[in-house]
Structure formats: C-alpha cells, structure tokens
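S.K.: Just passing along the structure, written as structure tokens.
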Amino acid sequence: MAGEELYNEIPSLDLADFTSGDPERKARFVQDLGRAFNQIGFVAIRNHGLTSELTKQLYQSAQAFFSSPDTLKKKYEHPELNGQRGYIGKGKETAKGFKVADLKEFYHIGQPEPEGDMPGNVLPEEYPEFGDATLTAYRTLENAGKQLLRAIALYLELPETYFDDKVKNGDSILRALYYFPLDPNTTPDGAVRAAPHGDINLITLLMGASADGLEVLRRDGKWIGITALPDQVVVNVGDMLDRLTNHKLKSTIHQVVNPSREKMNQSRYSIPFFMHPRANMDLTSLDSCIDTQHPKIYVDMTAGEFLNERLIELGLKK
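Residue numbering for the sequence shown follows UniProt numbering, starting at 1 and increasing by one per position.
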C-alpha cells in the first residue's frame, strides 16, 4: 500500500523541473514533492539558486564571526527581540519538552527590507562580508521557497499562487548556526547539538553541505541519517504547514546527533532558512484535508499566535 511507504533515504528532486515550462515535468515534480511530504516530510532539492561561491562565502564569513571574542558577539545580542534578530548565545534555546539546552550558538537574519513594526536586521559591523552573504542567501532561499510553496499549493489543489501573498514580507529567518567543539568529559548529560524537534514554520531549507549529523524519525520509529550532496538543499515540512493541511503534509521530528567521541572537538556550521508566513496568516486546516478518515486534529489559530506560543516553549521569549 502506497500509504505505508517507508523511505530508506529522502527523495532527491530537481526544482528546474518545476520551473522548466514543460507541463509534464512540472506536474511530475508536484506529485513527487507532495508524496514525499505526505510520507516522510523531507526531500533534497537541486537547482535552488545558491551558487557554490556564495555557499563558500557564507561558511567562511560565519566561521570568522563565530570565532571572534564573546565580547564582540555579545554586542549583537538583543534579548528584547526574543531571539528573532542578531546573535543568540550558548545555552539559550532548549527543544520543546527537553530540560537541557542545545549545544549551539546562532545568528538570525530577517527580512532585508522590513515593513510595518517588523524589526530591522542587526548586522556585525566588524564582519561586513557576513552581512552581505547572509542577505544574498536569504533572498535566494526565499525565492526557492516561494517556488516550492507554489508546487505544494498545486498538490493541495489550491491556486498556484495561494501562498504568495501570505509569505510576502513574512517572518522568515536565516539562521547561521555554530555547533562549537565539545569536551566529552564536561558535556552535560543528555545535552546534544540539537535535541529531537519539529520546525515551527511552513518549510525549512537547509544547505546540503551542513546536513551531516542530521537524522529524521521515520514513521516506524527508526532514525534515518540524511546525506545530501553539497549542491542540494534539504527541504522539510514545518508545523505550520502540517496544521494547515491537517497532518496530510507531515512535519517530521529530526535531530542533530553529537559526533563520535573522537570527533567531538570539531566545529560544525549549519545554515537553515525557516520560511514563515506573515503573522496574520490563518492556519485553520483546509477543508480539503479533512474527511471521515482524517478528522480535524488542530485548534484554529494564526501563524503569529502559533509562533508566539512556540517561542515561549523554547525559552526564547518570557
């Protein structure tokens, strides 16, 4: 039965099939993406628009920033923004339901041209190339995300541009993450680089080069490792899209495991893009995703209400 399909690896798709102008390739992409998101919630995508030069610049500039002294990094910490912009130090974020904070520090970049009461970006003056690379990557991944949401809309039999106005100037975030070297003798019991969690947003796009250590929880309870080629972006369903589709498209629990003891002293960098809609998007489950086999499981709420609830649970907002 197709409904019970268990993947041993995540499907690999080419975004150029969707944008090719060939109706057959486009329709096949829509079905393949929808099936993967229905079954395992993850795919690997190529032709997403990020060049290898930009990726290299991003990692090099992130490394330069994160290796700077804590006093410099702290200049860009803005607790009043609830961790939505700028630098967030070690031990600040704990996965929902876990007691020990994740072993990481990170930097958040939001909309390059904020509107209304959206906060502006906080960029480190000392590392201008970090600001340039992250803003370019933000725009590139936001554009790829819009194309993927168009394919998702078609899979859900909605108008192709259903998500366009909902994500225009949305609350999307590019997160540059630094998993610092660990000392096996002093790492707190139960602390991991990123404890098992689901993402909050509509979809997440993660550069393939940083996917080592990432594992996905399959429906039968088995964890499968994700290996993506350097030119791929790993894309997964977030909780908001899961709510909107009444769990037809699945936000799958994933984690970043600690490396083996002899590799714990190595750094790891990772740069996910969390695609969020505007705060006023209604996440009420679509009628087309509710029937007798799939009764409605979620309470109605907006994206802003849901995000607020989750930031409190993660410890980023009081």
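The beta carbon of each residue, even a glycine, is placed where N, CA and C say it ideally should be. It should be emphasised that the depicted structure is a prediction, and the values quoted were computed from it without experimental measurement.
Round the Cβ separation of R85 and V122 to the nearest angstrom and send it over; I've been treating them as touching at under 8 angstroms.
M.R.: 5 angstroms
S.K.: To the nearest angstrom, report how far apart G221 and T55 are at their CA atoms.
M.R.: 33 angstroms
S.K.: Return helix, strand or coil for Q266, following the three-state DSSP convention.
M.R.: coil
S.K.: DSSP on N236, reduced to helix/strand/coil?
M.R.: strand
S.K.: Let me know if S288 comes out buried or exposed under the rule of 16 or more other beta-carbons within 10 Å of its beta-carbon.
M.R.: exposed
S.K.: Could you give the DSSP three-state label for Q147: helix, strand or coil?
M.R.: helix
S.K.: Excluding five sequence neighbours on each side, which residues of the same chain lie with their C-beta closer than 7 angstroms to the C-beta of M301?
M.R.: Answer for M301: L283, listed in chain order.
S.K.: With burial defined as no fewer than 16 other Cβ atoms inside 10 Å of the residue's Cβ, what is the status of R261: buried or exposed?
M.R.: exposed
S.K.: Please work out which residues of its chain come closer than 6 angstroms, Cβ to Cβ, to L154, disregarding the five sequence neighbours upstream and downstream, and give them in chain order.
M.R.: Non-local C-beta neighbours of L154 in its own chain, meaning closer than 6 angstroms and more than five positions away in sequence, comprise V30, E160, ordered along the chain.
S.K.: Which residues does DSSP pair with P272 in a beta bridge?
M.R.: L206
S.K.: Under DSSP, the beta strand (DSSP E) around E215 begins and ends at which residues?
M.R.: 214 to 217
S.K.: Using a 10 Å radius around the Cβ and a threshold of 16 neighbouring Cβ atoms, would you call R268 buried or exposed?
M.R.: That one is buried.
S.K.: Look at the alpha carbon of L205 and the alpha carbon of G145, and state the distance between them as a whole number of angstroms.
M.R.: Near 7 angstroms, if we compare the C-alpha coordinates of G145 and L205.
S.K.: Of all the options A228, L148, I200, I203, which has the alpha carbon lying nearest to the alpha carbon of G213?
M.R.: A228
S.K.: Taking just the CA atoms, how far does I173 sit from M275?
M.R.: 7 angstroms
S.K.: Looking at L103 and V216, is the spacing between their C-beta atoms short of 8 angstroms?
M.R.: No, Cβ-Cβ distance for V216 and L103 is not below 8 angstroms.
S.K.: Measuring CB to CB, does A133 end up less than 8 angstroms from Q232?
M.R.: no
S.K.: L13 lies in the beta strand (DSSP E); which residues open and close that run?
M.R.: 12 to 14
S.K.: Rounded to the nearest angstrom, what separates G190 and T252 at their Cα positions?
M.R.: 21 angstroms
S.K.: Can you find the residues in the same chain that come closer than 6 angstroms, C-beta to C-beta, to P196, ignoring five residues on each side of it along the sequence?
M.R.: I253, Q255
S.K.: Should N8 be labelled buried (16 or more other beta-carbon atoms within 10 Å of its own) or exposed?
M.R.: Under this definition N8 is an exposed residue.
S.K.: Using only the alpha-carbon positions, how far apart do R150 and D117 sit?
M.R.: 27 angstroms
S.K.: Return helix, strand or coil for P196, following the three-state DSSP convention.
M.R.: strand
S.K.: So is D32 buried or exposed if we call it buried at 16+ other beta carbons inside 10 Å?
M.R.: buried
S.K.: What are the residues that DSSP puts in a beta bridge with F42?
M.R.: Paired residue(s): N236.
S.K.: Does the beta-carbon distance from E309 to K96 come in below 8 angstroms?
M.R.: no
S.K.: Rounded to the nearest angstrom, what separates T71 and E125 at their Cα positions?
M.R.: 14 angstroms
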